[in-house]
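So in this note's numbering the end of the sequence shown lands on 1374, straight run, no missing numbers.
Glycine included, each C-beta is placed from N, C-alpha and C at the ideal position.
Have a look at the structure below before the remarks.
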Amino acid sequence: MMPAEAVLDREYLEIRAKLLEVAASFDRLERGDGSVDSDPRMQQFRDAMQMILNSTGNRAEQLQLIFSRSYAADWRRTFQLSSP
């Protein structure tokens, strides 16, 4: 396993760029006409950012779950797909 400092050295610029991209997206939303504060997707973003800040592990899995549908056994019927 690579030392944490080496991982930070390797990934710092990429993480920084991704954070800047996210911040710019939120700036564009804020500058847009109207408000999206009550849109459920905005709450997902808030939940995701809070989880990233407060979590101590499995962040990618937890993040994916925030943006995923709950599993439904009848999903094939729901999406009108035939069984394999």
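With a threshold of 8 Å on Cβ separation, who are the neighbours of residue 1360 within its own chain once the five nearest residues in sequence on each side are excluded? Nothing listed; no residue qualifies.
Mind the definition here: the region 1330 to 1346 touches the region 1355 to 1372 only if three or more C-beta pairs lie below 8 Å; say whether that holds. yes
Short of 8 Å in beta carbon distance, which residues of its chain neighbour residue 1366, apart from the five on each side in sequence? Order them along the chain. Cβ neighbours of residue 1366 within its own chain (closer than 8 Å, five residues either side excluded): 1372 and 1373.
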